[in-house]
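What follows is a set of notes on a single structure, which appears directly below.
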Amino acid sequence: MTGVFRITELIDTRPLGRLQLEVVTLCALVALLDGFDTQVIAYVAPAITEQWGMAPSALGPVFGAGLLGLMAGALIGGPLADRWGRKWTIVVSTLLFGAFALATAWAQTPGQLLALRLLTGLGLGSAMPNLIALTSEYAPARLRTMLVTLMFCGFPLGSILGGVLSALWIPSLGWPSLFLLGGAAPLLLALVLAWRLPESPGFLLLRRARSRELQRVLERLEPGRSHDPRSVVAGEPPQPGFPLRELFRGPRTKVTVLLWTAFFMNLLVMYFMVNWLPTLLTLAGYSLSLAILASSLLNLGGIGGGILLAALVRRYGPHRTLGAAFVLVAGIVAALAYVTALPRLTLPAIFLAGAGVVGAQFCLNALAAEAYPTAIRATGVGWALGIGRIGSVAGPLLGGLLLGWGWSPDQLVLACAIPALVTAAAIFGLARLSAPALAPSSRNLLP
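Going by the working numbering, the first residue of the sequence shown is number 14, and it counts up by one from there.
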């Protein structure tokens with residue numbers, strides 16, 4: 014390739030190469046450990062409450078603190094990556110959540126546990142948006158959605174791994190063993206990331222002082238060819254400032270409000286179920302091992318549901334697909350509340366709930382990305398996720414509050430149908446908006 018060219022041309026016109034596969038693999042490994050450390054507190058919660066002689070509702074603030082850290086990390090991690098780069102933000106985030114997860118193995122009081130989960134959440138929350146960004150920036154346009162989806166599947170796989178190991182290890186090794194693994198593995202992986210993970214080529218183009226690093230990336234992208242970094246230009250000009258107000262300019266205000274509503278409500282349900290399901294199933298009479306394994310089905314359903322919903326979105330459009338999916342989720346959750354005494358029905362219902370709640374979140378992320386023009390897309394998606402994280406904090410806290418008020422497990426699960434219906438209403442509301450309310454690039458989503 015000669016003359017001046019865009020970095021996107023080099024990535025899009027070549028077959029998928031070794032460097033790109035390495036980026037996807039490394040990011041997927043971080044996502045797997047991110048999912049493990051995010052979910053493991055829910056799996057060990059029954060064992061902790063039994064050992065420490067405390068009511069299950071007392072862990073509500075601990076769940077909420079971890080999710081508050083996730084929210085703060087997501088909001089902070091983006092600006093840090095824009096200044097220091099994707100790679101080192103991911104490396105530092107991985108070190109952060111690894112170190113504090115490891116320290117959790119020696120927690121002795123609820124206060125210590127709460128503080129450590131908050132600090133662990135900061136690292137977990139900061140890592141994920143940058144994993145998505147780095148994978149996207151190395152993926153050819155024709156494979157971008159698939160590669161980002163496959164990378165993101167590491168998160169629910171990590172949650173499933175945490176459930177399986179919890180069921181096997183807690184009875185014999187105790188709950189601290191999960192945090193020993195969940196802390197040591199990220200610390201080791203961070204060393205590999207510092208050695209092998211490349212920086213985003215788009216970021217390096219904005220930091221011309223790092224031209225040697227850009228040249229090394231170009232040579233790894235296209236081995237055997239020499240590239241002059243001065244001949245490479247960015248795909249788009251940089252956008253100065255923080256255009257939050259653009260999310261509320263004119264008719265786009267309705268789009269933003271409805272998207273934020275959908276993210277808030279769905280993540281409220283998702284993190285309520287992720288954090289409280291093992292405890293609620295234990296209270297309903299399930300053994301701890303079976304409750305943990307049953308909860309892992311929530312994430313397994315999310316993987317299958319995400320792939321299926323992505324295919325349906327391509328055929329029927331996002332609003333019809335996602336709106337119908339959330340109506341079905343409400344029905345499935347309502348049914349789950351009445352079948353907890355029947356394991357042969359409870360387990361399939363949990364799987365289907367995961368397919369709808371977790372799987373649909375993948376598509377909601379894509380919907381938010383397409384709803385805004387490029388100049389404000391990162392801000393739009395980032396703030397939608399940030400508002401959603403508020404829901405992820407509110408869900409576990411609300412669960413602990415209602416449980417403390419004497420609500421039964423069935424009543425708590427049944428209540429999740431309400432925010433699922435609100436999410437469906439928000440999606441159908443987006444479908445009613447006319448194309449002039451949006452950027453031209455999003456007309457395929459919001460007719």
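Backbone N, C-alpha and C fix where the C-beta goes; we use that ideal spot for every residue, glycine too.
These numbers were taken from a predicted model, which means no experiment stands behind them.
Measuring straight from C-alpha to C-alpha, what distance separates Leu83 and Thr51?
C-alpha separation (whole angstroms): 9 Å.
So is Val371 buried or exposed if we call it buried at 16+ other beta carbons inside 10 Å?
Label assigned to Val371: buried.
Need the endpoints of the alpha helix (DSSP H) that Lys166 sits in, please.
First, the residue type needs correcting, since residue 166 is Cys and not Lys in the sequence shown. Careful: Cys166 lies outside any alpha helix (DSSP H) and carries neither H nor E.
Which residue marks the beginning of the alpha helix (DSSP H) containing Gln121, and which one marks its end?
Element bounds for Gln121: n/a, residue is neither H nor E.
Can you tell which of Leu306, Ala384 and Leu377 has the C-alpha that lies nearest to the C-alpha of Tyr56?
It is Leu306 whose Cα lies nearest to the Cα of Tyr56.
Does Ala114 pass the burial test, meaning 16 or more other C-beta atoms within 10 Å, or should it be called exposed?
So Ala114 ends up on the buried side.
Assuming Leu202 and Thr107 form a contact by the criterion Cβ under 8 Å, report the distance between their Cβ atoms to the nearest whole angstrom.
That belief holds up - the Cβ atoms of Leu202 and Thr107 are roughly 6 Å apart, short of 8 Å.
In the segment 277-306, which residue ranges form an unbroken alpha helix (DSSP H) of at least 4 residues, counting only runs that do not cross its ends?
Correct list: empty.
By the DSSP assignment, the alpha helix (DSSP H) with Phe216 in it spans what residues?
Unbroken alpha helix (DSSP H) run through Phe216: Pro214 to Leu218.
Whose C-beta lies closer than 6 Å to the C-beta of Ala340 among residues of the same chain, with five residues either side of it excluded?
It should be pointed out that residue 340 corresponds to Val in this sequence rather than to Ala. Only Ala437 meet the Cβ criterion.
For Leu81 and Pro409, what's the separation of their Cα atoms in angstroms?
Rounded to the nearest angstrom, the two C-alpha atoms are 11 Å apart.
Glu212: buried (16+ other C-beta within 10 angstroms of its C-beta) or exposed?
Glu212 is buried by the Cβ-count criterion.
Assign Tyr329 to one of two classes, buried (16 or more other C-beta atoms within 10 Å of its C-beta) or exposed (fewer than that).
Tyr329 should be labelled exposed.
Please work out which residues of its chain come closer than 7 Å, Cβ to Cβ, to Ile89, disregarding the five sequence neighbours upstream and downstream, and give them in chain order.
Around Ile89: Ser139.
Let me check understanding here. Comparing Cα to Cα, which of Pro432, Glu150 and Gly176 lies closest to Leu23?
For Leu23, the nearest C-alpha among the options comes from Glu150.
Classify Gln33 as buried or exposed, calling it buried when 16 or more other Cβ atoms lie within 10 Å of its own Cβ.
Label assigned to Gln33: buried.
Note down, in chain order, each residue of its chain lying with its Cβ closer than 7 Å to the Cβ of Gly367, except the 5 sequence neighbours on either side.
The residues are Leu310, Leu311, Asn312, Leu313, Gly314, Gly315 and Gly318.
Using a Cβ-Cβ cutoff of less than 6 Å, which residues in the same chain neighbour Arg258 once the five nearest sequence positions on both sides are dropped?
Around Arg258: no qualifying Cβ.
Is Arg19 helix, strand or coil when you go by DSSP?
Arg19: strand per DSSP, three-state reduction.
Please classify Ala338: is it buried, with 16 or more other beta-carbons within 10 angstroms of its beta-carbon, or exposed?
By the neighbour-count rule (16 or more Cβ atoms within 10 Å), Ala338 is buried.
Would you mind working out which of Ala379, Gly66 and Pro123 sits nearest Leu322, comparing C-alpha positions?
Of the listed residues, the one whose Cα sits closest to Leu322 is Ala379.
Which stretch, first to last residue, makes up the alpha helix (DSSP H) that contains Phe261?
It is not in any alpha helix (DSSP H) - Phe261 carries neither H nor E in the DSSP assignment.
When DSSP labels each residue in this structure, what does Leu310 get in the three-state scheme?
Looking at Leu310 - three-state DSSP - the assignment turns out to be helix.
Residues in the same chain with beta-carbon distance under 8 Å from Gly73, minus the five sequence neighbours each way, listed in chain order, please.
Answer for Gly73: Pro409, Leu410, Gly412, Gly413, Leu414, Leu416 and Gly417, listed in chain order.
Any idea what DSSP makes of Ser421, helix, strand or coil?
Correct three-state label for Ser421: coil.
If you measure between the beta carbons of Thr148 and Val37, is that distance less than 9 Å?
Cβ distance < 9 Å, so Thr148 and Val37 count as in contact.
Please classify Ala68: does DSSP put it in a helix, a strand, or coil?
If DSSP states are grouped into helix, strand and coil, Ala68 belongs with coil.
Is Trp182 helix, strand or coil when you go by DSSP?
Here Trp182 sits in helix by DSSP.
Under the assumption that His332 contacts Ala198 (Cβ atoms under 8 Å), give the Cβ distance between them as a whole number of angstroms.
40 Å between Cβ atoms; not a contact.
Counting only the same chain and skipping the five closest in sequence on each side, list residues whose C-beta sits under 7 Å from that of Phe441.
Within the same chain, Phe441 has close Cβ partners His332 and Gly336.
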